[in-house]
Every structure is written in C-alpha cells, then in structure tokens.
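A.B. asks: Shown below is the structure under consideration.
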Amino acid sequence: MKYVDEFRDPPVIVRLARELAHIVEPGRTYRIMEVCGGHTHAIYRHGLRDILPPSIELIHGPGCPVCVLPTGRVDDGLAIVANPGTILTCFGDMMRVPGSLGTPLEHKARGADIRMVYSPLDALRIAQENPQHHVSFFAIGFETTAPSTALTLLRARELGLTNFSVFCNHVTIVPAIRAILESPDMRLDGFIGPGHVSTVSGCRPYEFVPRDYGKPLVVSGFEPVDILEGVLMVLRQLRAGEAKVENQYRRIVPWDGNPAALRAIFSVFELRPYFEWRGLGFISQSALKIRSEFAQWDAEARFELPGVRVTDPKAAQCGEVLKGVLKPAQCKLFGRECNPEHPVGALMVSSEGACAAYYRYVHHADPVFA
Amino acid sequence: MCLAIPGQIVELSQDKPGFAKVEVTGVRRNVNIGLLEDEKVGIGDWVLIHVGFALSKIGEAEAQDQLRMLRAMGEDELAIDEVRGYTFAEPAT
Numbered sequence: 000m001k002y003v004d005e006f007r008d009p010p011v012i013v014r015l016a017r018e019l020a021h022i023v024e025p026g027r028t029y030r031i032m033e034v035c036g037g038h039t040h041a042i043y044r045h046g047l048r049d050i051l052p053p054s055i056e057l058i059h060g061p062g063c064p065v066c067v068l069p070t071g072r073v074d075d076g077l078a079i080v081a082n083p084g085t086i087l088t089c090f091g092d093m094m095r096v097p098g099s100l101g102t103p104l105e106h107k108a109r110g111a112d113i114r115m116v117y118s119p120l121d122a123l124r125i126a127q128e129n130p131q132h133h134v135s136f137f138a139i140g141f142e143t144t145a146p147s148t149a150l151t152l153l154r155a156r157e158l159g160l161t162n163f164s165v166f167c168n169h170v171t172i173v174p175a176i177r178a179i180l181e182s183p184d185m186r187l188d189g190f191i192g193p194g195h196v197s198t199v200s201g202c203r204p205y206e207f208v209p210r211d212y213g214k215p216l217v218v219s220g221f222e223p224v225d226i227l228e229g230v231l232m233v234l235r236q237l238r239a240g241e242a243k244v245e246n247q248y249r250r251i252v253p254w255d256g257n258p259a260a261l262r263a264i265f266s267v268f269e270l271r272p273y274f275e276w277r278g279l280g281f282i283s284q285s286a287l288k289i290r291s292e293f294a295q296w297d298a299e300a301r302f303e304l305p306g307v308r309v310t311d312p313k314a315a316q317c318g319e320v321l322k323g324v325l326k327p328a329q330c331k332l333f334g335r336e337c338n339p340e341h342p343v344g345a346l347m348v349s350s351e352g353a354c355a356a357y358y359r360y361v362h363h364a365d366p367v368f369a
Numbered sequence: 000m001c002l003a004i005p006g007q008i009v010e011l012s013q014d015k016p017g018f019a020k021v022e023v024t025g026v027r028r029n030v031n032i033g034l035l036e037d038e039k040v041g042i043g044d045w046v047l048i049h050v051g052f053a054l055s056k057i058g059e060a061e062a063q064d065q066l067r068m069l070r071a072m073g074e075d076e077l078a079i080d081e082v083r084g085y086t087f088a089e090p091a092t
C-alpha cells in the first residue's frame, strides 16, 4: 500500500476495508466502473486495488477527455494551424496527443504556432493581442470544462472579436455511460460516478442508470476514503437488492449541479447528432456543437477541415482497454512501443488515462515486468 | 484534466466586473466568476477553480480537503503552475 501517510483518517480506511471484506458475498464477483479518469489515477496512485477484496474488479471508464478523442479530430485541429497566419491554442494535456502526423508538440517543433494555455480566456487574450492573426482554441473536456468555453465564446461575441474561434470537442458523459450499458461485452454491476463533472451536471442526469438498467451509481470524491466509501455504497445497494443514485461527494457536489453553468452551456452549444469516441465508436447525442448564432467563432464553420476518420495503429488496443475488456498491460504495445515518453495511444498520455496511471504506479512494481 | 483548485477570494475589483482575485497557496490571480451568478460571492469566500473559472462556492473545510487531495495526488504543483499561468486578466507585460 502506497502513500499511507497521506490518507485522511487511516482508521477509517481500515474500517472501510473490513466492511468491504464483510459485505462481499462468497462466490460472487463484482465489476464496478469508475467513470472518471481522475478516479482511475487516484485508484492506481493509492494502490486501492490492494485494499479491495479480490472479488471486486474496478473497470476504468471513458472519463478522460484526451483519451476518448479520436485521432481524426486531432488531425482536424492541426489542419487549422496549417492555415497561414493562424495560432492554435490548447491545454497542456492536448500537446502530447498523437495525430496521424505527430503530436501538436511535434507540429510546433516543425514550426506551427501552437501555444499551450491554462484557460480558454488566455486564448482569447492572445487573439486580442494578435489582431493580425487568427487564434483558434482546441476545446476539449466534459461538463466540467464546457461552461468555461461557453463563457469565453459569449465574451468573444461581446468584444466583437473577429480573429478568434473555438474548435469544439466537448463531450457529455451521460450518453457514454448509456452506450457502455448497451454494449454486449460490458457486464457491470454498478458505477462510481464522476466528481467534478457532477458539480456542473448534478446527480439527476444519472437517474436513468438505476431506472432503465437497474444498476447503482454513486457519485464520489477523489480521496481514498471517498472512493472506498463509494464502492461500499454500491455494494450495500447490491446487497440490499437496490439500485439508486447516491451522492458520496455531497461536500462538493450539489444534487442539482450548477444551474448557471448549465445555462451557459445551453446558450452556446447544442447536441451533435453523433460523435466518435475512441474505443467506443459513434455515440448519438454525445457531444456539443457550437450553435449557428455563434458560427463566426466556430472553427468548423470557418475552416475547411479534413474530417477524415483515422483508425488507431493496428497493434494498439486502446479500444479494448477503454472498454475494460483488456487490462493496460495486456495490450501488445504496453510498456514497449507505447510508454509515457512515446505514447502511441492517448491512454498513455494523460495522468488520467488508464495506461499512463498503470505504467506509473503498477508497471514497475509488477514482477511480470521486472 | 478536471483539476479543481480551491482558492480564496481576496479582492472583488471594480474595474473588472465578472472577475475576482483569488489566492491559491500564496499565488494571486484573477479568475472569472461568471458561473457563480446565482450565488453571492464576497471576500473571504472559498471557490473551486477550473481552467480560469470559479466553478462553485465551497466551505473552508472542503477547500482544505481539496488542497490535501491535490497534494496526495501529486497534483499540487501542477495546480499552482496552472493558477500562475492564468494571464487573461493580468496587466500586459
């Protein structure tokens, strides 16, 4: 067990571990998906798999924005900056995501003007300071991030900026959860719901999970205590034959989310009919598109983009790992061609990606790879 | 990616409506408070910050929880770098 000294309330961890060991039914196995990449990172970092009874398997979900972005969209973003006089801005996570012809960082090294920003408002400022250039922001993220992009677009309109656009790749988590529940190779018993996404969306959007699929979902925080308690709450429901949405992360997540943030999202974005997710394929109404009133700030309306579907490198099995069918180390490229220094697939890029987290915290300790 | 950073509001500036100066472990930057329009925010309040925007108002104990969580995740320095990197409301250099 790692980093024990950083745990809040070690005695509480011990109590939770005991209770978990006690509540599992002999002979039964449990497959619980943690939807959010932040949870995946925390689970590996804190070695929580070692605390859980062996009959509980945690399946890593699709809640990592760069991990689910298909290669073709990376190529489209990079096609924007191929236009003369264009500056492309993106979050740090995006810089190392491989497109067909390399990552944004590699394109930058070859001379493309690609700049890392910490906020979409920084991209807006670059546009204001560079009136001779067109500045495009490569927007990614779930409900946590979409409101910020929305307010940035509203601000661009207010300022009457003509040299700024957003390449929108925002996705929403609920349709992805539904797609996973509909997938024939997914046998799940319950979910740990995302924490910070839910500060915006609230808990209500998950009500279809127990209602339509009879599975429990518990929105949880990110500390070891939170995650273990979330798993325990799922197991208590299963034990009692119940299925409902519960909120373990009440100290941060209001049941109704942030209505102002939701209003911002819907004033600027509408749902796309469908969007491709790496590993999960096309999912209907799972992503946001900029409304036509904002077309002049929509990079997809302003630029000719290839829009070509690009399949992942044949040997990479990101899709299977994303769906939890394979463990990271079972992929043929894991730790060999694909590693955090040279990621082949996006799951190896972000600290929230299952492969990067597994590589960092488990791989070196795993005797199989020693 | 969904890094949520706790910060305390130290200044509501008159010349920048919609922004508030927050302090995150000694670093002071302006963040946008447009997503908190349904809530009253004032000096001394704690907020959760994501990509330059205050996402929600939280209690002080919750803010300390979040800080400890970031440290435990090894993401505290990343968070400070991010806050330091918010240049959108700072004077031009």
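So the sequences go chain by chain: A and B.
In this text, residue positions in the first sequence follow numbering that gives the first Met the number 0: the first is 0, and each later residue adds one.
In this text, residue positions in the second sequence follow numbering that gives the first Met the number 0: the first is 0, and each later residue adds one.
Cβ coordinates follow ideal geometry from the N, Cα and C atoms, glycine included.
This structure is a prediction, so every number in the text was calculated from the model and none was measured.
Run down chain A in chain order and give the residues with a C-beta less than 7 Å from the C-beta of aspartate 75/B.
C.D. replies: Neighbours of aspartate 75/B on chain A: none; closest Cβ ~11 Å, over 7 Å.
A.B. asks: Buried or exposed: arginine 27/A, going by 16 or more other Cβ atoms within 10 Å of its Cβ?
C.D. replies: exposed
A.B. asks: Whether or not the stretch 34-44 of chain A and the stretch 67-81 of chain B are in contact is what I'm after, with contact meaning three or more pairs of Cβ atoms, one per stretch, closer than 8 Å; do they touch?
C.D. replies: yes
A.B. asks: Using 8 Å as the limit for Cβ to Cβ distance, is leucine 34/B near chain A?
C.D. replies: yes
A.B. asks: Figure out for me which residue from Ser12/B, Glu10/B, Phe52/B, Gly33/B has the closest Cα to the Cα of valine 82/B.
C.D. replies: Phe52/B
A.B. asks: Take leucine 11/B as the anchor and find which of Asp37/B, Ser55/B, Asp44/B has the nearest alpha-carbon.
C.D. replies: Nearest neighbour of leucine 11/B by Cα position, chosen from Asp37/B, Ser55/B, Asp44/B, turns out to be Asp44/B.
A.B. asks: For glutamate 56/A, does the three-state DSSP call read helix, strand or coil?
C.D. replies: Note: glutamate 56/A maps to strand in three-state DSSP.
A.B. asks: Determine the contact status of serine 197/A and alanine 298/A, defining contact as a CB-CB distance below 8 Å.
C.D. replies: no
A.B. asks: Identify whether serine 118/A lies in helix, strand or coil by the three-state DSSP scheme.
C.D. replies: coil
A.B. asks: Check each residue of the stretch 37-48 of chain B: if its Cβ is closer than 9 Å to any Cβ of chain A, include it; give the result in chain order.
C.D. replies: Asp37, Glu38, Leu47
A.B. asks: Show which residues of chain A have a CB atom less than 9 Å away from the CB atom of glycine 6/B.
C.D. replies: Neighbours of glycine 6/B on chain A: none; closest Cβ ~14 Å, over 9 Å.
A.B. asks: Is the beta carbon of tyrosine 117/A sitting closer than 8 Å to the one on valine 50/B?
C.D. replies: yes
A.B. asks: Against chain B, with Cβ distances strictly below 8 Å, would arginine 250/A count as a contact?
C.D. replies: yes
A.B. asks: Assuming cysteine 330/A contacts alanine 315/A (C-beta within less than 8 Å), just tell me the rounded distance between them.
C.D. replies: About 7 Å separates the Cβ atoms of cysteine 330/A and alanine 315/A, confirming a contact at the 8 Å cut-off.
A.B. asks: Would you be able to state if there are at least three C-beta pairs under 8 Å between the stretch 173-180 of chain A and the stretch 272-290 of chain A?
C.D. replies: The stretch 272-290 of chain A and the stretch 173-180 of chain A touch, with no fewer than 3 CB-CB distances between them shorter than 8 Å.
A.B. asks: What are the start and end residues of each continuous alpha helix (DSSP H) run of 4 or more residues lying completely inside the stretch 311-351 of chain A, in chain order?
C.D. replies: For the alpha helix (DSSP H) assignment, the uninterrupted runs of no fewer than 4 residues enclosed by the stretch 311-351 of chain A are, from N- to C-terminal side, 317-321.
A.B. asks: Ignore the nearest five residues each way along the sequence and tell me which others in valine 22/A's own chain have a CB closer than 8 Å to its CB.
C.D. replies: Before going further, note that residue 22/A is isoleucine rather than valine in the sequence given. Cβ neighbours of isoleucine 22/A beyond the five flanking positions: Leu231, Leu234, Arg235, Arg238.
A.B. asks: In its own chain, which residues sit with a C-beta less than 8 Å from the C-beta of threonine 24/B, not counting the 5 before and 5 after it?
C.D. replies: Leu66, Asp75, Ile79
A.B. asks: When burial is assigned at 16 or more other CB atoms within 10 Å of the CB, is lysine 39/B buried or exposed?
C.D. replies: exposed
A.B. asks: Any beta carbon of chain B sitting closer than 8 Å to that of glycine 192/A?
C.D. replies: no
A.B. asks: Checking contacts by CB at 8 Å: is serine 55/B closer than that to chain A?
C.D. replies: yes
A.B. asks: DSSP on tyrosine 358/A, reduced to helix/strand/coil?
C.D. replies: helix
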